[in-house]
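Read the structure below first, then the notes.
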């Protein structure tokens with residue numbers, strides 16, 4: 125026994141536990157995720173119904189023990205406040221708009237790139253894919269930071285454009301919605317390219333030849349054959365860009381201006397600047413039900429229908 | 003056909019320029035003498051010296067590395083057990099719940115994960131007195147939770163592809179299930195564990211939002227320090243730091259790619 129590696133000895137020990145061992149193995153990830161993922165949402169939901177106060181923690185309890193009775197005081201004021209103050213509705217809509225437009229731009233840039241990689245020589249494919257993925261392994265924060273140097277008044281782009289005489293005055297690009305679009309497209313482009321590539325590389329070229337033989341022009345072939353066949357890749361890529369973009373905080377905070385409104389940033393400010401935990405919680409709960417859960421359901425429906433097709 | 007491929011080439015060149023120009027300019031301007039980050043004032047390595055004399059950055063880097071090492075390891079443990087249970091075990095009561103909980107962090111906005119975990123930690127402290135303040139430990143727990151989700155994606159796909167017959171052979175030869183797992187399954191899926199670990203490590207090193215929520219006064223991670231510096235404007239020592247990170251990451255990727263290439267060639271011959 126002692127000559128066996130440690131792993132096997134632990135294994136043999138656990139093996140004797142039989143059914144109990146099985147329950148234990150299931151319990152490890154389940155309990156961890158319950159405590160550190162699922163139950164925290166219930167805590168957020170609870171705090172979203174409480175009243176902010178100057179205390180530690182900065183809100184009043186919902187359930188109190190008063191004169192021998194439990195007193196439960198639910199406060200819907202936070203949600204009413206979200207509806208009444210136009211800032212919040214605008215921020216939710218702004219997030220959807222910015223994430224949606226960025227996703228579309230990423231698709232328009234990413235599709236031809238994925239197509240190019242999928243259609244190049246197999247030896248070259250891996251190199252090109254590596255070049256697409258490499259920025260992802262460097263710091264996200266520093267890649268967003270790089271765009272500050274690119275877009276600011278005396279930044280690289282303005283210096284270049286003035287240098288070759290296209291413009292006389294520096295363009296205002298930093299701290300605008302434009303900079304946020306650039307930042308999101310730049311950051312999430314690899315997430316668009318990879319699923320599109322995975323889809324396009326499997327596309328049988330015989331279809332394209334057949335279409336050409338039947339007299340279709342390349343552009344017709346693209347819209348009637350290639351595009352419909354790559355639809356699942358398009359959907360996967362768009363989701364991978366849209367979902368993180370909708371809750372983005374860093375990019376609007378660093379590149380956006382005072383009138384860039386995104387809900388992730390609003391939540392951050394409610395929490396860190398205003399220290400209003402109940403409002404921040406209410407913002408999170410609404411975000412969860414309006415944006416996240418519909419997207420999750422859509423994803424499940426999508427993967428379920430793909431499962432049926434296979 | 004010719005014209006279309008020229009169009010693709012142009013898009014490809016523009017696309018890769020878009021991906022790499024900002025990174026290259028970061029590296030170039032890290033060697034800039036001038037304080038003005040985007041105006042060239044001569045070659046200098048002084049910002050690197052400045053960087054290594056900045057105790058705030060060095061401390062934060064050390065905090066980040068320790069958190070990333072611990073949370074990547076925990077992520078792989080949780081991710082592996084969860085993947086194994088989901089792929090290999092027949093139906094059990096909490097299966098849907100577990101598969102939902104392990105994939106949900108992938109689509110959850112970071113601000114929500116951060117806020118919910120912080121409120122959880124505060125509530126737990128009120129109830130049972132643990133975790134007793136926030137800092138490195140709470141960041142490790144937070145990072146392990148979403149790192150496990152990413153690790154599980156990689157490990158699950160490896161488990162699905164794995165040849166079941168070797169596990170069955172070991173079982174037929176009388177090995178107990180748990181020994182099969184440690185002696186057969188684990189070595190076979192080891193490359194996936196490695197990729198999962200690296201991914202979780204990178205995500206942890208990179209995370210600003212979740213760490214900011216669950217951190218306490220004593221523990222500032224590297225992204226938190228960079229963010230507070232960058233918010234005040236561009237500064238050349240951040241460029242130097244970026245150049246170092248980009249260099250290390252590129253080196254790692256190239257080594258990994260060569261390794262994969264060699265093992266592919268060996269398995270072909």
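Protein chains in written order, with my numbering: chain A, 125 to 434; chain B, 3 to 271.
We put the CB at the ideal spot given by N, CA and C, even for glycine.
In this text the structure is predicted, and so the values were computed from the model without any measurement.
Could you list which residues in chain A have their beta carbon closer than 8 Å to that of residue i, in chain order?
i: residue 203(B); result: Result: empty, since nearest Cβ-Cβ is about 10 Å, beyond 8 Å.
i: residue 106(B); result: 161 and 420
i: residue 239(B); result: Those within 8 Å of residue 239(B) in chain A number zero; the least Cβ separation is about 12 Å.
i: residue 122(B); result: 159, 160, 163, 164 and 167
i: residue 125(B); result: 167
i: residue 153(B); result: Chain A residues near residue 153(B): none, gap ~11 Å exceeds 8 Å.
i: residue 31(B); result: 273
Residues of chain B with CB closer than 7 Å to the CB of residue i, please, in chain order.
i: residue 79(A); result: Since the first residue of chain A shown is 125 and the last is 434, residue 79(A) is not available in this structure.
i: residue 440(A); result: Outside the shown range of chain A (125 to 434) lies residue 440(A), about which nothing can therefore be said.
i: residue 171(A); result: 121
i: residue 181(A); result: 124
Beta-carbon within less than 7 Å of residue i's beta-carbon, same chain only, minus the 5 sequence neighbours each way: which residues are those?
i: residue 258(B); result: none
i: residue 157(B); result: 81, 82, 85, 191, 194, 195 and 198
i: residue 239(B); result: 49, 52, 53 and 56
i: residue 132(B); result: 126
i: residue 79(B); result: none
i: residue 127(A); result: For residue 127(A), the predicted model reports a pLDDT of 47, less than 50, meaning its position is unreliable; a value from the coordinates is still stated below. Hits under 7 Å: none found.
i: residue 169(B); result: 182, 186 and 187
i: residue 231(B); result: 237 and 240
i: residue 135(B); result: 218
i: residue 162(B); result: 89
Between residue i and residue j, how many whole angstroms is the CB-CB distance? I'm expecting something under 8 Å.
i: residue 146(B); j: residue 73(B); result: 5 Å
i: residue 114(B); j: residue 412(A); result: 6 Å
i: residue 240(A); j: residue 10(B); result: 5 Å
i: residue 208(B); j: residue 264(A); result: 5 Å
i: residue 312(A); j: residue 365(A); result: 4 Å
i: residue 219(A); j: residue 406(A); result: The Cβ separation is near 16 Å, so there is no contact.
i: residue 222(A); j: residue 386(A); result: 6 Å
i: residue 357(A); j: residue 234(A); result: Not quite, the Cβ-Cβ distance comes to about 10 Å (not below 8 Å), so this is no contact.
i: residue 376(A); j: residue 304(A); result: 5 Å
Excluding five sequence neighbours on each side, which residues of the same chain lie with their C-beta closer than 8 Å to the C-beta of residue i?
i: residue 101(B); result: 88
i: residue 8(B); result: none
i: residue 5(B); result: Its pLDDT being 49, under 50, residue 5(B) is placed unreliably in this model, and the value from its coordinates should be taken loosely. Hits under 8 Å: none found.
i: residue 65(B); result: 138, 221, 222, 223 and 224
i: residue 447(A); result: The requested residue 447(A) is not part of the displayed model; chain A covers only 125 to 434.
i: residue 14(B); result: none
i: residue 112(B); result: 209, 211 and 212
Quick one: residues in its chain with C-beta nearer than 6 Å to the C-beta of residue i, no 5 flanking neighbours on either side, listed in chain order?
i: residue 18(B); result: none
i: residue 125(A); result: Low confidence applies to residue 125(A): its pLDDT is 41, below 50, so where it sits in the model is not reliable, and the reading given next is rough at best. Excluding sequence neighbours, residue 125(A) sits near nothing in its chain.
i: residue 116(B); result: 211, 212 and 215
i: residue 301(A); result: 384
i: residue 16(B); result: none
i: residue 153(B); result: 77, 78, 81, 198 and 202
At a CB-CB cut-off below 7 Å, which residues of chain A make contact with residue i?
i: residue 17(B); result: 233 and 237
i: residue 230(B); result: Here the premise fails: no neighbours, minimum Cβ distance about 11 Å.
Which residues of chain B have a Cβ atom closer than 9 Å to the Cβ of residue i, listed in chain order?
i: residue 249(A); result: In chain order: nothing, as chain B lies at least about 12 Å away.
i: residue 416(A); result: 106, 109, 110, 111 and 114
i: residue 411(A); result: 111, 113 and 114
i: residue 313(A); result: 17, 20 and 21
i: residue 152(A); result: 79, 80, 83, 84 and 87
What residues from chain B crowd round residue i, counting only those whose CB sits closer than 8 Å?
i: residue 375(A); result: Under the 8 Å cutoff, chain B gives no residues; its nearest Cβ is about 11 Å from residue 375(A).
i: residue 370(A); result: 111
i: residue 227(A); result: Residues of chain B passing the Cβ test: none, with the nearest at roughly 14 Å.
i: residue 259(A); result: 21, 22 and 25
i: residue 327(A); result: Simply none; closest approach about 15 Å.
i: residue 224(A); result: Those within 8 Å of residue 224(A) in chain B number zero; the least Cβ separation is about 15 Å.
i: residue 305(A); result: By Cβ distance, chain B contributes nothing, its closest Cβ being about 13 Å from residue 305(A), past 8 Å.
Mind listing the chain A neighbours of residue i? Cutoff is C-beta to C-beta under 9 Å, in chain order.
i: residue 138(B); result: Simply none; closest approach about 16 Å.
i: residue 147(B); result: 156, 157, 160 and 161
i: residue 252(B); result: 258, 261 and 262
* Asked: Fully enclosed by the stretch 179-210 of chain B, which alpha helix (DSSP H) runs are 4 residues long or longer?
  -> 179-182 and 192-208
* To do: Please specify which runs of the alpha helix (DSSP H), each continuous and at least 4 residues long, are wholly inside the stretch 182-264 of chain A, giving them in chain order.
  => 201-208, 210-243 and 246-261
* Please go through the stretch 342-374 of chain A and give each complete alpha helix (DSSP H) segment of 4 or more residues, from N-terminal end onward. => 342-345 and 355-370
* In chain order, which continuous runs of the beta strand (DSSP E) of length 3 or greater are located wholly inside the stretch 387-426 of chain A? -> none
* **Proximal residues, the stretch 262-277 of chain A versus chain B, C-beta separation under 9 Å** => 262, 263, 264, 265, 266, 267, 268, 269, 270, 271, 272, 273, 274 and 276
* the stretch 390-404 of chain A: positions lying closer than 8 Å to chain B by Cβ -> 391, 392, 395, 396, 401 and 404
* Which residue spans inside the stretch 105-175 of chain B form an unbroken beta strand (DSSP E) run of at least 3? -> none
* Could I get the ranges of all uninterrupted alpha helix (DSSP H) runs contained in the stretch 268-346 of chain A, with 4 residues as the minimum, in chain order? => 280-287, 301-324, 329-337 and 342-345
* Note down, in chain order, all residues in the stretch 187-218 of chain B with a beta-carbon under 8 Å from any beta-carbon belonging to chain A. => 188, 204, 207, 208, 210, 211, 214 and 215
* Listed from N- to C-terminal order along the chain, which residues in the stretch 85-98 of chain B have their beta-carbon within a distance smaller than 8 Å of any beta-carbon of chain A? -> 86, 87, 91, 94 and 96
* Could you please tell me which residues of the stretch 378-389 of chain A, in chain order, have their CB closer than 9 Å to any CB of chain B? => 378, 387, 388 and 389
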